[in-house]
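To start, the structure under review is shown below, and the notes come after it.
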Amino acid sequence: MNQWEFKLPDIGEGVTEGEVVAWFVTVGDEVQEDQPLVEVMTDKATMTITSPRAGKVVELRGKVGEVISVHSVLVVFEGDRTHREREVVASAVGEISGSLPGTQNSFNRSSLDTLKSAEKHSLASKPLATPAIRQLARTLHVELTRIPPTGTRGEITKADLLAYVQKGQNTIESLKESICSFPQQQSKYSPLPVARLGPSSPSEERAPLLGIQRKMAERMELAAHTAALSTFVEECNVTALIQLRKRFQAAVEVQNTKLSFLPFIVKAVVFSLKKHPILNAYLDEKAGEIVYKKEYHIGIATATKAGLVVPVVKNADQKNIVDIARDIERLARAARSGTLGFHELSGSTFTITSLGAKGGLFATPLPNFPEVGILGVHQIKRKPVVVQDEITIGAVMLLSLSFDHRLVDGQTAANFAYDVIGYLESPERFLLNI
Numbered sequence: 001m002n003q004w005e006f007k008l009p010d011i012g013e014g015v016t017e018g019e020v021v022a023w024f025v026t027v028g029d030e031v032q033e034d035q036p037l038v039e040v041m042t043d044k045a046t047m048t049i050t051s052p053r054a055g056k057v058v059e060l061r062g063k064v065g066e067v068i069s070v071h072s073v074l075v076v077f078e079g080d081r082t083h084r085e086r087e088v089v090a091s092a093v094g095e096i097s098g099s100l101p102g103t104q105n106s107f108n109r110s111s112l113d114t115l116k117s118a119e120k121h122s123l124a125s126k127p128l129a130t131p132a133i134r135q136l137a138r139t140l141h142v143e144l145t146r147i148p149p150t151g152t153r154g155e156i157t158k159a160d161l162l163a164y165v166q167k168g169q170n171t172i173e174s175l176k177e178s179i180c181s182f183p184q185q186q187s188k189y190s191p192l193p194v195a196r197l198g199p200s201s202p203s204e205e206r207a208p209l210l211g212i213q214r215k216m217a218e219r220m221e222l223a224a225h226t227a228a229l230s231t232f233v234e235e236c237n238v239t240a241l242i243q244l245r246k247r248f249q250a251a252v253e254v255q256n257t258k259l260s261f262l263p264f265i266v267k268a269v270v271f272s273l274k275k276h277p278i279l280n281a282y283l284d285e286k287a288g289e290i291v292y293k294k295e296y297h298i299g300i301a302t303a304t305k306a307g308l309v310v311p312v313v314k315n316a317d318q319k320n321i322v323d324i325a326r327d328i329e330r331l332a333r334a335a336r337s338g339t340l341g342f343h344e345l346s347g348s349t350f351t352i353t354s355l356g357a358k359g360g361l362f363a364t365p366l367p368n369f370p371e372v373g374i375l376g377v378h379q380i381k382r383k384p385v386v387v388q389d390e391i392t393i394g395a396v397m398l399l400s401l402s403f404d405h406r407l408v409d410g411q412t413a414a415n416f417a418y419d420v421i422g423y424l425e426s427p428e429r430f431l432l433n434i
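Just so you know, we're using the UniProt record's numbering here: the sequence shown kicks off at 1 and counts up by one.
Here is the structure:
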């Protein structure tokens with residue numbers, strides 16, 4: 001019988017690689033068409049890739065934790081191959097859950113043709129490299145056109161760039177400074193497969209950095225080392241909000257929807273973002289431009305057993321509080337079951353993270369880069385408050401607004417936070433939008 005190779009297909013706009021999270025087959029297995037082969041995590045989502053046809057597995061490429069480039073071989077099969085390469089790739093891509101941003105249909109063969117055509121045009125017009133490599137090259141003042149690529153698809157790798165610099169075109173000091181200061185998509189964690197764990201001692205145990213944990217490490221490193229972060233913290237008296245929620249809670253729950261405080265906070269954030277559009281923007285460093293987003297897609301940081309994910313409430317400005325509550329409940333359920341699609345994890349313009357379940361005073365959350373702001377919501381506590389010159393007991397919640405000081409000045413951040421607080425302390429201001 002003939003052997004044929006199944007390669008990691010194009011799995012989303014801008015996605016050049018994926019991390020092997022789990023294999024569902026082993027060498028020697030007889031697999032059927034559409035049988036799950038491997039779970040792969042990208043910067044956008046985790047997805048299961050299925051077999052395009054039946055065959056016997058003779059080789060698996062990539063250990064768990066290893067990063068595989070798009071179009072690299074994933075599995076070698078044994079069996080008569082009657083399908084063309086395009087049909088094999090299109091079949092596998094069709095099994096990826098979710099859809100491309102801005103569409104309602106799953107990734108199909110016409111989408112594949114469009115991406116392949118775009119890729120060919122890109123290859124012909126400029127060197128192939130990831131955004132992280134391009135940014136590092138700009139930092140080092142290196143023209144990518146001068147670097148011979150060694151990647152499997154003709155792309156310039158990080159090793160290619162560093163080797164070029166080390167040959168003398170730039171100083172070693174500049175190289176060290178840039179490596180320390182610039183966080184990359186393929187960070188220091190990415191190249192290490194599981195088999196290369198360091199030696200353990202009786203007093204410690206080592207585990208590979210995999211899956212969501214690795215992606216979280218990379219994104220947080222990117223935020224911490226790129227943005228100029230600052231945090232503004234203030235109290236919010238939510239006594240009136242608690243009363244308002246109680247009034248509507250029973251009516252909403254009859255519709256099988258849980259009405260938490262989070263939908264009110266999302267709505268308050270959206271109204272405040274419209275007043276302060278710089279917090280719904282991001283910095284295009286390459287162009288030297290501020291990009292103001294006209295859509296209000298609010299990320300909701302959600303804890304799962306596998307780690308933290310950020311599903312997105314799309315077009316939150318066009319939804320009432322009950323609609324937002326339904327979205328949050330649905331997204332949280334999908335996050336915890338691991339069934340979130342690509343489109344549900346991408347496109348956020350601002351993020352909210354709830355930090356109050358376990359108590360604590362306050363925290364300084366990191367923005368979901370390249371977003372310039374994130375609002376941390378803390379536990380509601382009963383505290384003495386002053387109302388019209390009288391001391392009474394109120395329900396008080398701390399809000400922590402972390403922001404990128406490169407775009408957002410302290411006064412703007414404070415004004416935004418106080419606008420959010422104003423809506424939450426006087427929720428009748430947006431009651432008509434329910």
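Where is the CB? At the ideal position from N, CA and C, for every residue including glycine.
What number of angstroms, rounded off, separates the C-alpha of residue i from the C-alpha of residue j?
| i | j | result |
| --- | --- | --- |
| Val58 | Val38 | 15 Å |
| Ser346 | Arg382 | 37 Å |
| Gly168 | Glu155 | Low per-residue confidence applies at Gly168: pLDDT is 49, beneath 50, and the placement is therefore not dependable, though the value from the model is reported in the following sentence. Cα-Cα distance, rounded: 22 Å. |
| Gly18 | Val233 | 37 Å |
| Gly394 | Arg406 | 36 Å |
| Ala332 | Gly65 | 26 Å |
| Asp284 | Lys319 | 29 Å |
| Glu428 | Ile49 | 48 Å |
| Val70 | Val27 | 22 Å |
| Ile133 | Leu244 | 51 Å |
| Glu85 | Gln35 | The pLDDT assigned to Glu85 is 43, lower than 50, so where the model puts this residue is not dependable; a value taken from the coordinates is nonetheless given after this. Roughly 18 Å separates the two Cα atoms. |
| Thr339 | Met47 | 8 Å |
| Thr145 | Thr157 | 13 Å |
| Asp419 | Gln255 | 31 Å |
| Arg219 | Asn2 | 43 Å |
| Pro208 | Thr152 | 25 Å |
| Ser426 | Pro263 | 15 Å |
| Ala325 | Lys56 | 47 Å |
| Pro202 | Ser260 | 47 Å |
| Trp23 | Asp29 | 12 Å |
| Ala414 | Pro127 | 43 Å |
| Val15 | Lys286 | 19 Å |
Nearest to residue i by CA position, among the options, is which residue?
| i | options | result |
| --- | --- | --- |
| Trp4 | Val40, Val266 and Glu78 | Glu78 |
| Arg214 | Ala287, Val67 and Phe264 | Val67 |
| Leu424 | Gly373, Phe271 and Ala335 | Phe271 |
| Asp10 | Met41, Lys286, Val377 and Phe416 | Met41 |
| Lys314 | Thr302, Glu295 and Ala301 | Glu295 |
| Thr231 | Glu30, Thr16, Gly410 and Val31 | Gly410 |
| Leu279 | Phe264, Asp317 and Thr412 | Thr412 |
| Val408 | Ile421, Leu273, Gly422 and Ala287 | Leu273 |
| Ile265 | Gly288, Gln249 and Val238 | Val238 |
So, under 8 Å CB-CB, residue i and residue j are touching, yes? Tell me the CB distance rounded to an integer number of Å.
| i | j | result |
| --- | --- | --- |
| Glu344 | Pro384 | Not confirmed; about 42 Å, so no contact. |
| Leu229 | Ser402 | 6 Å |
| Ala335 | Thr364 | Their Cβ separation, rounded to whole angstroms, is 24 Å, which puts Ala335 and Thr364 out of contact at 8 Å. |
| Pro367 | Thr351 | 7 Å |
| residue 445 | Met216 | With the chain running from 1 to 434 in the structure shown, residue 445 is simply not present. |
| Phe430 | His276 | Not a contact, Cβ separation roughly 16 Å. |
| Cys236 | Val396 | 7 Å |
| Gly62 | Val20 | 5 Å |
Report yes if the CB atom of residue i is closer than 7 Å to the CB atom of residue j, and no otherwise.
| i | j | result |
| --- | --- | --- |
| Leu74 | Phe6 | yes |
| Lys258 | Glu329 | yes |
| Ile380 | Ala306 | no |
| Ser400 | Gly373 | no |
| Lys293 | Thr349 | yes |
| Val252 | Val322 | yes |
| Leu398 | Phe362 | yes |
| Ala281 | Ile290 | yes |
Please classify residue i as buried or exposed, where buried requires at least 16 other C-beta atoms within 10 Å of its C-beta.
| i | result |
| --- | --- |
| Ile298 | buried |
| Asp389 | exposed |
| Asp160 | buried |
| Ala223 | buried |
| Thr150 | exposed |
| Arg247 | exposed |
| Thr392 | exposed |
| Arg53 | buried |
| Ser51 | buried |
| Arg206 | exposed |
| Ala129 | buried |
| Val316 | According to the sequence shown, residue 316 is Ala rather than Val. So Ala316 counts as buried. |
Does at least one heavy atom of the ligand NAD sit under 6 Å from the Cβ of residue i?
| i | result |
| --- | --- |
| Gln388 | Judged by which ligands are present, the structure shown has none, so any question about the ligand NAD falls away. |
Is the Cβ of residue i closer than 7 Å to any Cβ of chain B?
| i | result |
| --- | --- |
| Val58 | Protein chains in the displayed structure number just one, and chain B is not present. |
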